[in-house]
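Line order of the protein sequences matches chains V and Y.
Residue numbers for the first sequence follow the UniProt record's numbering, beginning at 1 and rising by one.
Residue numbers for the second sequence follow the UniProt record's numbering, beginning at 1 and rising by one.
Backbone N, C-alpha and C fix where the C-beta goes; we use that ideal spot for every residue, glycine too.
Keep in mind it's a predicted model, so treat the numbers as computed, not measured.
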Amino acid sequence: MVWITWRQHRAFILFGLGLFALGGILLFWSASDAPRYLAASGNGPCPGRDCAWFANFLQGLVRGGAGLVSYVGPLIVGAVLGAPLVAREVERGTHRVAWTQSVSRNRWLWTKVGLLGLPVAVAGLVTAQMVAPWFSTVKGMSGRPFQDVGYFNATGVLPVAFLVFALIVGVFFSAAIRRAIPAMGATVAVLALTFGVLTETRDSLMKPVTVPGREYYSTAGSPVNTIWVADYVRDAAGRRVTNTSACDGAAVVVQERAATWDASPTEECYAKHGWQNLVDYHPADRYWRFQLITAGILAGLTGLFAVGAVLAMRRRD
Amino acid sequence: MTSPANLAAAPQAAQQPAALRVTGLGKRFRRTWALRDCDLVVPAGSVTALVGPNGAGKSTLLQLAACLMRPTTGSVEIFGTPTDAIDAALPRIAFLPQDKAVYRRFTVAETLRFGRELNPGWDDEFAHARVAELGLPLDQRLGRLSGGQRTQVALTVALGKRPDLLLLDEPLADLDPVARVDVAASLMTSVLETGLTVLYSSHLVAELARACDHLVVLNDGRVQLSGDLDEVISQHWRLTGSVDTVDEVAARHEVVSRTSAGRQATLVVRAPRPEIGAGWEAELLGLEDLVIALLRKKTEH
C-alpha cells in the first residue's frame, strides 16, 4: 500500500513539498529582509515609497502569510488531496479494480489516508515551528500575535488540527458523494464555514478578564500577547455609558503611551463624571488553553467526519 | 410465470461444493429491480456462461458476486462465505469489470506490482511469465496499449491473484475478432492449468458453445434457466406439426415457446424425451436457438 499510495499521489506530494519549500523561503526572506530594510531606512523617508504604504504592505504580508498558512493550506489538502481520493476512482471506474483485490475498501481507504495524513500532519507541525520565529522577528510591525486569529491559527498545534480536519472532511465528501468536483465544492464550503465560525467565536471561548483600561494599557508588554475583546465605559452604578461625547473635547486617547495614560485629559474627564474605562481581554497565558480548546473542537469534528466516511464507504451500490 | 428450471438434480447440487450460491437474490436501484428472486448455483470447477440481453441484470449479478454491491434481498455466497464477510470473500474472487477499467497511467510492470501489493496470495512469477508470453512491454503505460492488450493485462492481474472464482463481465466485448480469439484461448489455457471456477457474462450466444460447460440464462432480472450445458441442450426440443393437434401435444409438455405459421405449429418444449404422435417431428434445439427461444418467451409475457 505504501508504494501504491506513493504511485497514485506522488504528484500531489511533490506539489505539496514544493509549496511548502516556497512558503518557507518566503517566510525566511521576509523575516530576514524586513527588519534589515527598516533598520537601513530608520525612521527617515522610505526609499521610493511613502512609509504608510510600506507599513501597510508589511502588515498585509504578515496577515496574508498567516492566513495563507492557516486557511489556504487546509483548503488545498481538503479539496485537492481529500475530495478526489475516492471520487476519482469511482469516476474512472478503477474502484471496481481497487476494491476487488484482497483488501477491503475501508482498509484500502484508511491505509491511504494514514499514509497521506502523516506527512500532512508533520507539515503542520513544521509550519507552526516556522511561523513562530518568523512572527516574533516581524511582530514589532504587526500588533498582537495572540489577538490575530490568522497568526494564532498558524502556530502551536492548530496547523496540524486544521490540516487533518480538512483532509478528513475531503475524504468524507469523497466517499459520500463519489464525484470529485461536487466533493471539492462541499469540502471547501464546510471548511470555509468551520474556519469562519471558529474565527468569529474564538474570543468567546472563555469569559474574558475585565480590568480598568488604565491597568490594561499600562502593563508593559501585555497588550502584545493578549486578546483584546472590548473597551468601554461604565458609570458608578456599573451601567454601560454609551454616550461619552461629554469628554470628546478633552483629548485623543493615547493608548500606546502607557506612561502618560494616568495624566490623560480623557481619563480626568471620565473621573469627573464618575465613569471608568474598562477593558475585557484574555491574558497571554491563555494562549495554550485557547489552542487546546480550538484543537479539541476540530478533533471532535474530525472524528465525526471520519465515522461518516467509514459508513459512506460501506455503502455498496 | 413458470419457475426457473434448475436442471442439476437437487441432492447432487447439495453435495457438490458451490463456488457461487445465490439465494432469493434481489437488487433494486431506486424504484426498479435489476434482479429479482434469483436462485442460482455455480458449481466449483465449472466454466459458466451468463447469458442474457442488455439490461438483463448480468453486470449487476457479477458485481454482487464481486462484493461491489450489497443485495437488497437474499444472499450471495462465495464457497460458503457470504459476501457480507468481505474480508473473507474478497481473496477468493477476482473480477474483470466490463469497461476493463485500469489505471491508465500505470505501466504494465506497475500494474502487476499493484496486484502484488494488494493480494497476499499473489503469484508474481506466474504474472510476469504470462505477460512475457503475451509479449506485453513491461514499461508501457496501459493507456497506450491496444484494447486487447489492456484486457490481457487486466486478466493477468485477475489470474495472478490466484482466485478460486473468476468473474468476468463481457470479457470479449469491444475486442476485435483476432484479439477475441486470442484472449479467449489464453483464458481457457489458464483455466485448464489452474482448475479455477469461471463465471462470465456475454450477450454473444455463438461464442458460448466452445467455452462453457454450464449455462445460466438471465432475462429481465430473473433466472430463466441454469444447468449443465449438455443436459440443457439434450432436454430442449423443437416440435413441429399440425395446428389441429398442437393443444394436445402442448398439454403433455413443459412448453417454452409456441408459434404457428399457416397450418404448421412449432413448439419449443423442455423434456428428456418428447412424446409426440403421428404427423409431428421432434429435433434437438441448438444452443443458439435455445437461448433465443428462452429470451423470446420472456417478452411474450
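Inset, instruction - For ALA183(V), collect the residues of the same chain with a Cβ closer than 6 Å to its Cβ; drop the 5 residues on either side in sequence, then sort them by chain order. - result: Locating residue 183(V) in the first sequence gives position 183, where the first residue counts as 1. Same-chain partners within the cutoff: ALA83, ALA87, PHE173, SER174, ILE177.
Inset, instruction - Write down every uninterrupted run of the alpha helix (DSSP H) in the segment 66–129 of chain Y whose length is 4 residues or greater and which is fully enclosed by it, in chain order. - result: Within the segment 66–129 of chain Y, the alpha helix (DSSP H) runs of at least 4 residues that lie entirely inside it are, in chain order, 86–89, 108–118.
Legend entry - For residue 337(V), the nearest candidate out of GLY238(V), GLU268(V), PHE290(V) (CA to CA): Residue 337(V) lies beyond the range of chain V shown here (1 to 317); nothing can be said about it.
Inset, instruction - Examine the Cβ distances between the segment 104–117 of chain V and the segment 204–216 of chain V and report whether three or more of them are shorter than 8 Å. - result: With a cut-off of 8 Å on Cβ pairs, the segment 104–117 of chain V is not in contact with the segment 204–216 of chain V, counting fewer than three such pairs.
Inset, instruction - Give me whichever residues DSSP pairs with TRP33(Y) in a beta bridge. - result: Counted from its first residue, the second sequence places residue 33(Y) at position 33. DSSP lists ARG28(Y) as the bridge partner or partners of TRP33(Y).
Legend entry - Buried/exposed call for ARG105(Y), threshold 16 Cβ in 10 Å: Taking the second sequence and counting its residues from 1, one reaches residue 105(Y) at position 105. Per the 10 Å Cβ criterion, exposed.
Inset, instruction - Look at the Cβ atom of VAL198(Y), then the Cβ atom of SER59(Y), and state whether they are nearer than 9 Å. - result: Start at 1 with the first residue of the second sequence, and residue 198(Y) comes out as number 198. Start at 1 with the first residue of the second sequence, and residue 59(Y) comes out as number 59. With respect to SER59(Y), VAL198(Y) sits apart: the two C-beta atoms are not nearer than 9 Å.
Legend entry - Exposure label - LEU267(Y); buried when at least 16 CB within 10 Å: Locating residue 267(Y) in the second sequence gives position 267, counting from the first residue. A buried status is given to LEU267(Y), since no fewer than 16 other beta-carbon atoms sit within 10 Å of its beta-carbon.
Inset, instruction - Determine, using beta carbons only, whether GLU117(Y) comes closer than 9 Å to chain V. - result: By 1-based counting over the second sequence, the position of residue 117(Y) is 117. It does: the Cβ of GLU117(Y) has a partner Cβ on chain V nearer than 9 Å.
Inset, instruction - State yes or no: is the C-beta of TYR281(V) within less than 9 Å of the C-beta of VAL211(V)? - result: On the first sequence, position 281 is the one that residue 281(V) refers to. On the first sequence, position 211 is the one that residue 211(V) refers to. Yes, they are a contact pair.
Inset, instruction - Consider the C-beta atom of CYS212(Y) and the heavy atoms of the ligand SAM; say whether any pair is separated by less than 8 Å. - result: Ligands in the displayed structure: none, and consequently the ligand SAM is not present.
Legend entry - Range of the contiguous alpha helix (DSSP H) that encloses GLY241(Y): Locating residue 241(Y) in the second sequence gives position 241, where the first residue counts as 1. Segment 236–242 is the beta strand (DSSP E) holding GLY241(Y); no alpha helix (DSSP H) there.
Inset, instruction - Determine the burial state of TRP288(V): buried for a count of at least 16 other Cβ atoms within 10 Å of its Cβ, exposed for fewer. - result: Counting from one through the first sequence, the residue named residue 288(V) turns up at place 288. Exposed is the call here.
Legend entry - Those residues which DSSP pairs with TRP228(V) across a bridge: If you number the first sequence from 1, residue 228(V) lands on position 228. The partner list for TRP228(V) (beta bridge, DSSP) reads TYR281(V).
Legend entry - Listed by chain order, chain Y residues near SER102(V) by CB distance under 8 Å: On the first sequence, position 102 is the one that residue 102(V) refers to. Chain Y residues near SER102(V): LEU90, PRO91, LEU118, ASN119, PRO120, GLY121, LYS161.
Inset, instruction - Locate the alpha helix (DSSP H) running through TYR216(V), then write down its first and last residues. - result: Within the first sequence, the letter at position 216 stands for residue 216(V). TYR216(V) -> alpha helix (DSSP H) spans 213–218.
Inset, instruction - Output yes if chain Y places a C-beta closer than 9 Å to the C-beta of ARG105(V); else output no. - result: Translated into the one-based positions of the first sequence, residue 105(V) becomes position 105. Taking Cβ atoms only, chain Y reaches closer than 9 Å to ARG105(V), which makes this a yes.
Inset, instruction - Can you tell me the Cβ-Cβ gap for LEU25(Y) and GLY74(Y), rounded? I've got them flagged as a contact below 8 Å. - result: Translated into the one-based positions of the second sequence, residue 25(Y) becomes position 25. Translated into the one-based positions of the second sequence, residue 74(Y) becomes position 74. Yes, LEU25(Y) and GLY74(Y) are in contact; Cβ-Cβ is about 4 Å, under 8 Å.
Inset, instruction - For GLU215(V), count neighbouring Cβ atoms within 10 angstroms of its own Cβ and tell me buried if that reaches 16, exposed if not. - result: As a position in the first sequence, residue 215(V) is number 215, starting the count at 1. So GLU215(V) ends up on the exposed side.
Legend entry - Three-state class that DSSP yields for VAL41(Y) in the structure shown: As a first step, residue 41(Y) must be located in the second sequence, where it is residue number 41. The answer is strand: DSSP assigns VAL41(Y) an E or B state.
Inset, instruction - Below 6 Å CB to CB, which residues in the same chain sit around GLU77(Y) once its five sequence neighbours on both sides are set aside? - result: By 1-based counting over the second sequence, the position of residue 77(Y) is 77. Once the five neighbours on either side are set aside, the close Cβ partners of GLU77(Y) are ARG21.
Inset, instruction - Measuring alpha carbon to alpha carbon, tell me which of PRO159(V), ALA312(V), ARG239(V), ARG234(V) ends up nearest VAL77(V). - result: In the first sequence, counting from the first residue as 1, residue 77(V) sits at position 77. Taking only the C-alpha atoms, the option nearest VAL77(V) is PRO159(V).
Inset, instruction - Output the distance between the C-alpha atoms of residue 372(Y) and GLN63(Y), rounded to the nearest integer angstrom. - result: Residue 372(Y) lies beyond the range of chain Y shown here (1 to 301); nothing can be said about it.
Legend entry - Secondary structure, alpha helix (DSSP H): runs of 4+ residues fully inside the segment 205–289 of chain Y: Correct list: 208–211, 229–234, 246–251.
Legend entry - chain V contact for LEU138(Y) (CB, 9 Å cutoff): On the second sequence, position 138 is the one that residue 138(Y) refers to. False, the Cβ-Cβ gap to chain V never drops below 9 Å.
Legend entry - Residue from ILE181(V), VAL120(V), THR242(V), THR111(V) whose Cα sits closest to the Cα of LEU17(V): If you number the first sequence from 1, residue 17(V) lands on position 17. It is VAL120(V).
Inset, instruction - Using three-state DSSP, classify GLN101(V) as helix, strand or coil. - result: Translated into the one-based positions of the first sequence, residue 101(V) becomes position 101. DSSP places GLN101(V) in the coil class of the three-state scheme, outside both helix and strand.
Legend entry - Strand pairing of ALA18(Y), partner residues [DSSP]: Translated into positions along the second sequence, residue 18(Y) becomes position 18. In the DSSP assignment, ALA18(Y) forms a beta bridge with PRO43(Y).
Inset, instruction - Please state whether DSSP places VAL209(V) in a helix, a strand or coil. - result: What you label residue 209(V) is simply residue 209 of the first sequence in a count that begins at 1. VAL209(V) falls in the strand class under three-state DSSP.
Inset, instruction - Sort THR294(V), ARG105(V), ASP285(V), ALA246(V) by Cα distance to LEU311(V) and report the nearest one. - result: Position 311 of the first sequence holds residue 311(V). It is ARG105(V) whose Cα lies nearest to the Cα of LEU311(V).
Legend entry - Under 8 Å by beta carbon: chain Y residues contacting THR94(V): Here residue 94(V) refers to the residue found at position 94 when the first sequence is read from its first residue. ALA101, VAL102, TYR103, listed in chain order.
Legend entry - Near-chain V residues of the segment 15–44 of chain Y - C-beta to any C-beta below 7 Å: Taking 7 Å as the Cβ-Cβ cut-off against chain V, none of the residues of the segment 15–44 of chain Y qualify.
Legend entry - Among GLY196(V), ASN225(V), PHE20(V), ASP231(V), the one whose alpha carbon lies nearest that of VAL126(V): Mapped onto the first sequence, residue 126(V) falls at position 126. When the alpha-carbon of VAL126(V) is set against those of GLY196(V), ASN225(V), PHE20(V), ASP231(V), the nearest one is in PHE20(V).
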